[in-house]
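First the structure, in the form of structure tokens, and then the observations on it.
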Amino acid sequence: MTATAPDAGTAAGILRLGNRFCDAKALLTAVRLDLFTVLDEGPATTEELRERLGLHGRGLADFLGLLTALGLLRRGGDGRYRNAEGAGRYLVSGRPGAVGGYLRGADLNLYPVYGQLAQALRTGRPQARSDYLGMLDDPVATGHFVRMMDGLTQGLGVKLVAALEGVEYRSVLDVGGCRGQLLGQLMTERPDVQGHVFDLPQLEPFFHEYLDGLGRTGKAVFHPGDFFRDPLPSADVLVFGHILHDWDPQERQQLLDKAYRAVNPGGAVLIYDRMLGERSDDTENLVASLNMLLVTDGGAEYTVAEIGTQARAAGFTEVTHRPLADFDTLMVCRKH
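This is the structure:
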């Protein structure tokens, strides 16, 4: 299937564009039902899926038909549904590279607040029902959140190690590193590196649980704290991955100033976010910036020029950037 944007020059195209939220919700619902994981166990008919998923049955054939039209499922001549290639690779729970954790989080946290986009634009205020710190008091909600963050870092470890070519480092600190998913990737690529995560205390149990699952118990250190109130631990490399876009420009400057003081001479600070203006089509990154409007007090995506100016103001003299992933841009700030 070739994905093309609806033709906004026609009435039919505009109506199709306005209804794309229906497509998105169909995918998010399939992930919530764990449909793709069930189909990974074997192809199934509509009736078999009804039984396996515990569904009523009304609307199910249309639901499966829509997912097929979207290129997520395939229906054979025997009437059985199978995962399409991409769904089988990225939407089966527990599979390396799976992005279902992010989509589950988006379904719970982002989809509802988009109904309040007009109010956010009128007031400039976030529309999420609960604040981040309040969410962390709920272990179930926090579990959904950490898996959502995992979905944004899959496969980045190899690329970050490649970007550090020429930098001598023995320690890495992931600032706001959640449960350490990215750190685990980095340590797999560089087993000699001492790993550290700095994040809020409520995330520490998830960090230890994750490292235990990787068989790396005791191989990395979690530093509980608030990066606006507490000093950052020193390291040869500091990583700000999908962190700086949560804050307004003044707060970003505070964090970069602290990072400059914390990184060891000769080391580097890595910043990656969905920076604007680096791709011919900024649609996804503009959506990400609106996400920040809806769920943070002052966050937004930013340009390479904006964050580069702030990095130099913090004291970094060598600042370079490159594409990192499908939508992310990486900035490497060296401290000599």
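Position 263 of the sequence shown, counting from 1, maps to 279 under this note's numbering, and the rest follow consecutively. Even for Gly, the Cβ is constructed at its ideal location relative to N, Cα and C.
Which of helix, strand or coil DSSP assigns to residue i
| i | result |
| --- | --- |
| F238 | strand |
| T333 | coil |
| Y97 | strand |
| V108 | coil |
| A251 | strand |
| C349 | strand |
| V213 | strand |
| P339 | strand |
| N307 | helix |
| N280 | strand |
| D123 | helix |
| L7 | Look at the range of the chain in this structure, 17 to 352, and you will see that residue 7 is not part of it. |
| T26 | coil |
| Q201 | helix |
| A42 | helix |
Whole-angstrom distance between residue j and residue i, CA atom to CA atom
| i | j | result |
| --- | --- | --- |
| C194 | E101 | 30 Å |
| A278 | P249 | 6 Å |
| T158 | M151 | 6 Å |
| W263 | R91 | 46 Å |
| R245 | L230 | 31 Å |
| R206 | V188 | 10 Å |
| R68 | D273 | 54 Å |
| D313 | V183 | 35 Å |
| P155 | F238 | 18 Å |
| R295 | S305 | 15 Å |
| R268 | P128 | 28 Å |
| V320 | M203 | 28 Å |
| V255 | L286 | 5 Å |
| L271 | P240 | 16 Å |
| A85 | N307 | 27 Å |
| A28 | G81 | 21 Å |
Buried or exposed by the 16-neighbour rule on C-beta atoms within 10 Å, applied to residue i
| i | result |
| --- | --- |
| T139 | exposed |
| C38 | exposed |
| H72 | exposed |
| I323 | buried |
| R145 | exposed |
| I30 | exposed |
| R186 | exposed |
| P215 | Contrary to the premise, residue 215 reads as Asp rather than Pro in this sequence. Looking at its Cβ environment, which holds 16 or more other Cβ atoms inside 10 Å, D215 is buried. |
| T169 | buried |
| V335 | buried |
| K383 | The structure shown does not extend to residue 383, since the chain is modelled only from 17 to 352, so the question has no answer here. |
| L133 | exposed |
| L137 | exposed |
| N125 | buried |
| E317 | buried |
| D153 | exposed |
| Q201 | buried |
| D228 | exposed |
| V174 | exposed |
| A24 | exposed |
| Q326 | buried |
| L340 | buried |
| M17 | Because M17 sits at a pLDDT of 44, beneath the cut-off of 50, its placement in the model cannot be relied upon, and the point is left open. |
| R163 | buried |
| G293 | exposed |
| D252 | buried |
| L260 | buried |
Residues that DSSP places opposite residue i in a beta bridge
| i | result |
| --- | --- |
| R257 | For the sequence presented, residue 257 should be read as Gly rather than Arg. Bridge partners of G257: Y288. |
| T319 | L292 |
| A60 | Y97 |
| R90 | R98 |
| D190 | V213, V255 |
Contact belief for residue i with residue j at Cβ below 8 Å, rounded distance in angstroms
| i | j | result |
| --- | --- | --- |
| L219 | L198 | Actually they do not touch by this definition, with Cβ atoms about 13 Å apart. |
| R111 | R48 | Actually they do not touch by this definition, with Cβ atoms about 17 Å apart. |
| A236 | G211 | 4 Å |
| F243 | G192 | 7 Å |
| L89 | L83 | 5 Å |
| G167 | Y118 | 3 Å |
| Y288 | D342 | Rounded, the Cβ-Cβ distance is 12 Å, inconsistent with contact. |
| P59 | R98 | 5 Å |
| R338 | A179 | 7 Å |
| Q143 | L310 | 5 Å |
| A42 | F79 | 7 Å |
| S109 | T62 | Wrong, their Cβ atoms sit about 22 Å apart, outside the cutoff. |
Minimum Cβ-Cβ distance from residue i to chain C less than 9 Å
| i | result |
| --- | --- |
| N99 | Among the chains in the structure shown there is no chain C, since it carries only a single protein chain. |
Distance cut-off 8 Å: residue i Cβ against heavy atoms of the ligand FMN
| i | result |
| --- | --- |
| R91 | As presented, the structure is devoid of all ligands, the ligand FMN included, so that no description of it is given. |
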